[in-house]
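*Asks:* Same order as they appear, the protein sequences are chains A and B.
Take our numbering: the final residue in the first sequence is number 435, and no numbers are missing along the way.
Take our numbering: the final residue in the second sequence is number 331, and no numbers are missing along the way.
In this text, a Cβ means the ideal position worked out from N, Cα and C, and glycines have one as well.
If you scroll down you'll find the structure; I have some questions about it.
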Amino acid sequence: MSSNFVLKNVTLAAGETKDIQVSDGFITSVGAGLVADEMIDCNGLVALPGFVDLHTHLREPGFEQSETVLTGTQSAALGGFTAVHAMANTMPVADTAGVVEQVASLGIEAGYAEVFPIGAVTIGLEGKQLAELGAMANSKAQVKVFSDDGKCVHDPVIMRRALEYVKAFEGVIAQHAQEPRLTEGAQMHEGAVSAELGLTGWPSVAEESIIARDVLLAEHVNSRIHICHLSTAGSVEIIRWAKARGIKVTAEVTPHHLLLTDELVRSFDSVYKVNPPLRTAQDVEALREALIDGTIDIIATDHAPHPIESKDCEWNAAAFGMLGLETAASIAQEVLIESGKSSWTRLAEVLSFAPARIGGDSNQGQMIQAGSVANIVLIDPKARRKVVADSASKSKNSPYVGLELPGRVVHTIFKGYFTVRDSQLANWGRR
Amino acid sequence: MKNLLSAADLTRESAIEILDIAEGMAGVNDRDIKKLPTLRGKTVVNLFFEDSTRTRISFELAEKRLSADVINFTAKGSSVSKGESLKDTAQTLEAMGADAVVIRHPSSGAAQILAHSGWIQGSIINAGDGTHEHPTQALLDAYTIRKRFHGSDSVGKGLDGMKVAIVGDILHSRVARSNLLLLNSLGAEIHFVAPPTLLPSNPSNLNAELHFSLDQTLGEVDLDVVMMLRIQSERMNASYFPSEREYSRIWGFNANRLSMLKDSAIVMHPGPMNRGLEIDAVTADSKQSTVLEQVTNGVSVRMAVLYALLSGERNSDVI
Chain A
5 MSSNFVLKNV TLAAGETKDI QVSDGFITSV GAGLVADEMI DCNGLVALPG FVDLHTHLRE
65 PGFEQSETVL TGTQSAALGG FTAVHAMANT MPVADTAGVV EQVASLGIEA GYAEVFPIGA
125 VTIGLEGKQL AELGAMANSK AQVKVFSDDG KCVHDPVIMR RALEYVKAFE GVIAQHAQEP
185 RLTEGAQMHE GAVSAELGLT GWPSVAEESI IARDVLLAEH VNSRIHICHL STAGSVEIIR
245 WAKARGIKVT AEVTPHHLLL TDELVRSFDS VYKVNPPLRT AQDVEALREA LIDGTIDIIA
305 TDHAPHPIES KDCEWNAAAF GMLGLETAAS IAQEVLIESG KSSWTRLAEV LSFAPARIGG
365 DSNQGQMIQA GSVANIVLID PKARRKVVAD SASKSKNSPY VGLELPGRVV HTIFKGYFTV
425 RDSQLANWGR R
Chain B
13 MKNLLSAADL TRESAIEILD IAEGMAGVND RDIKKLPTLR GKTVVNLFFE DSTRTRISFE
73 LAEKRLSADV INFTAKGSSV SKGESLKDTA QTLEAMGADA VVIRHPSSGA AQILAHSGWI
133 QGSIINAGDG THEHPTQALL DAYTIRKRFH GSDSVGKGLD GMKVAIVGDI LHSRVARSNL
193 LLLNSLGAEI HFVAPPTLLP SNPSNLNAEL HFSLDQTLGE VDLDVVMMLR IQSERMNASY
253 FPSEREYSRI WGFNANRLSM LKDSAIVMHP GPMNRGLEID AVTADSKQST VLEQVTNGVS
313 VRMAVLYALL SGERNSDVI
């Protein structure tokens, strides 16, 4: 691990070719003809700020058969991420200062990316009583994002109180929008395909009605709210309306909701079972447009590892969720760059600057300029790769296996050292 | 054809072929010695994850009349958390050398998973998967309709131009889904009649006309067939309709509605019936009711399916 080097002839997001000099964890210079002991040829590679995932399931503590902080952050590094926000639905639930501090320290120990634990909004994700949000915020983990993800904070009073309370420490509630009564036993998007397959429907209105309620609540109490994994065209319309009205709402979309549709469920292959479910082609189109025009602020992976036995079964018995860290950048490139509709600048915004802003990650999402922390990802945009089942994740539930996707993460630099070099994971084991 | 997973697997030609084979099988069922040696030495497993005595014994009888070795395997629950998984069960049956598995399962798609997973090599016959499909029920219904309308002249015929109303819990009915696909392939016109709560919210992929009113449908469509679906007890307290009395009044079949049908029209029910709810006794026991014929024909049709999937050469001279 060299800590002083020059990345030679990188292409910056805006298109110009420059050298980047890195010393002792910081970018010390961006310019032409820079020199260091180690010169790394980056001709043809796009340099972007390290990616930040606002929605990752690292599964530790409690579900280490699916993923650990180590394997999850290794997977993140391979995907170009230098920071992940770890969701709270672990066992025990991350609803106390003790658990979030444990997750944060496991992240530091692993050393592959910055790990920001997300705190649960309610005790045990049960939606009944607020967890000690202040204690988590004031802990060493300095939690700023709170979410019951996997479950919706459906009680309107609890939601109102949570939105208000976190203002005390500039926190944000990330809502998993799913009206529980409308989605009892739900298995897939409710629409023309569910009508044919006889699988219980998860209607779009169950997401949209909660988002509508919550943006109004956020307006009423003048709080910030973040909406997880938008999946429907209707949700996009509500967010667009809320933003026009000046409500402080941000929204994320997952890579899978930008690429896959409910037609895939016809195979009954439970690798396509995810919550919220894969929607229609019209929804995918609306989400893509919203990502491009800024209505949707970020891409977040909702990386959700599951062991083989949780997917190698009939549809109803299978777990919800799919992997996403190692394919997110390629799907972002497909949607923003290959489509010809957007730019690398926008890609850097949705995968790094904006999620770091929403999560309050001060060392992440910085411009590639002198003085910034050296969190950098280098992508070969011309590469095309066929996704294989093998990955750094402990789990195999990727819906993209066999698909050809554009782009390849070549190097990931985290705080000035390589976590990934020449597409190979740095291997220092548990330090 | 190796598996029968969905009525969509059947083209018009292959469906008619199976119905024609069933005609021959019905002849066997009328003999003193109701047995053919066709599947001698073959092992057929009836794998039932859901109670269904009727469907199981119908398959069992069909298998025995074709001289197969029959094993009944009844399992409860099948998620990772409770009991044995579908995969382990399937691999166990494979290790025992099953030539065919007849599967009934509460999860939609279970038969398809079994067929495409690589866990098991034998033929898979879907005997009902969740609220998805029940293709042998559709075949026996098609056979019953054809027999009533064409009698001994049935062989080779489809159901062209027949008008069929399927009435009741369409949303949760595997019988309705399989019948829609199969009867459409055979040339029939399908009308779904149900309270709006029991129809799919987006029916755009379903090739059927939708009606909310049974009386209006009976008045406006020159129906040949009315197929009543069973109302499951779990729908009764879930606000799909206010009460059993109201359901029965508006969507149940009764003597009064029977009189609105032409004399040649038939009333079907896959059984078991809730007498007094979706169908009244006068209708169920009338000459126009085919309930018991459906049971009888079920055995012949299932023999035909087993024969079509399992016997090496598909020459009709075996019958």
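1. Please list, in chain order, the residues of the region 137-158 of chain A that have any C-beta partner in chain B closer than 9 Å.
2. Drop a sphere of 10 angstroms on the beta-carbon of M315(B), count the other beta-carbons inside from all chains shown, and report buried for 16 or more, exposed for fewer.
3. Which residue spans inside the region 24-96 of chain A form an unbroken beta strand (DSSP E) run of at least 3?
4. Which value, in whole angstroms, describes the spacing of the CA atoms of V92(B) and F265(B)?
5. Which chain A residues are close to A122(B), counting only those with a beta carbon under 7 Å from its beta carbon?
6. Can you tell me whether DSSP reads T67(B) as helix, strand or coil?
7. Going by DSSP, what residues sit across from N58(B) in a beta bridge?
8. Identify the continuous alpha helix (DSSP H) that holds M37(B) and give its terminal residues.
9. Using only alpha-carbon positions, find the residue among N84(B), L289(B), I125(B), A139(B) that is nearest to R270(A).
10. Specify the secondary structure class of P121(A) as computed by DSSP and reduced to three states.
11. To the nearest angstrom, how far is the alpha carbon of S239(A) from that of V288(A)?
12. Let me check one thing: in DSSP terms, what residues is D394(A) bridge-paired to?
13. Would you report the Cα separation of L304(B) and L241(B), rounded to the nearest angstrom?
14. What's the call for H224(A), buried or exposed, on a 16-neighbour Cβ count within 10 Å?
15. Per DSSP, which one or two residues make a beta bridge with Q428(A)?
16. Under 8 Å, do S151(A) and I122(A) count as touching if we go by C-beta distance?
17. C46(A): which of V392(A), V381(A), N431(A) sits nearest, CA to CA?
18. When burial is assigned at 16 or more other CB atoms within 10 Å of the CB, is S90(B) buried or exposed?
19. Report the residues of the region 189-206 of chain A with a CB closer than 9 Å to any CB of chain B, ordered along the chain.
20. Answer yes if the region 50-60 of chain B comes into contact with the region 107-114 of chain B, meaning at least three C-beta pairs across the two stretches below 8 Å, and no otherwise.
21. Taking the beta strand (DSSP E) that V176(A) belongs to, which residues open and close that run?
22. Determine, using beta carbons only, whether F272(A) comes closer than 8 Å to chain B.
23. What does DSSP give as the partner residues of M248(B) in its beta bridges?
24. What do you reckon, are the CB atoms on V104(A) and S143(A) nearer than 8 Å?
25. Quick check on the DSSP output: the beta strand (DSSP E) that includes L222(B) runs from which residue to which?
26. Determine, using beta carbons only, whether N214(B) comes closer than 8 Å to chain A.
27. In terms of alpha-carbon separation, which member of H61(A), Q428(A), P160(A) lies closest to K132(A)?
28. Say whether chain B places a C-beta atom closer than 8 Å to the C-beta of A374(A).
29. By the three-class DSSP mapping on this structure, what secondary structure does E136(A) have?
30. Going by DSSP, what residue range makes up the beta strand (DSSP E) through A255(A)?
31. Assuming contact is defined by CB atoms lying nearer than 8 Å, are I28(B) and A320(B) in contact in what I supplied?
32. Measuring CA to CA, which of L98(B), L210(B), E221(B), H162(B) is closest to E246(B)?
33. Quick one: grab the DSSP three-state call for H184(B).
34. Within 8 Å (strictly less), CB to CB, does I157(B) reach chain A?
35. In whole angstroms, give me the CA-to-CA distance for N379(A) and T32(A).
36. In chain order, what residues of the same chain have a beta carbon less than 8 Å from the beta carbon of K175(B), not counting five sequence neighbours either side?
*Replies:* For this structure:
1. none
2. buried
3. 30-35, 42-45, 50-53, 55-60, 85-90
4. The predicted position of V92(B) is uncertain, since its pLDDT is 39 and thus under 50; no value can be drawn from it.
5. E318
6. helix
7. N84(B), V114(B)
8. 24-41
9. I125(B)
10. strand
11. 12 Å
12. Bridge partners of D394(A): none, in fact.
13. 15 Å
14. exposed
15. R425(A)
16. yes
17. V381(A)
18. Note that S90(B) scores a pLDDT of 46, beneath 50, so its modelled location is shaky; the value from the coordinates is reported in the next line. Looking at its Cβ environment, which holds 16 or more other Cβ atoms inside 10 Å, S90(B) is buried.
19. Q191, E194, G195, A196, V197, S198, A199, E200, L201, G202, L203, T204, G205
20. yes
21. 176-179
22. yes
23. In the DSSP output, where bridge partners are listed per residue, M248(B) has none listed.
24. yes
25. 221-223
26. yes
27. P160(A)
28. no
29. coil
30. 253-257
31. no
32. L210(B)
33. coil
34. no
35. 12 Å
36. A200, E201, H203, V233, D234, L235, D236, V237
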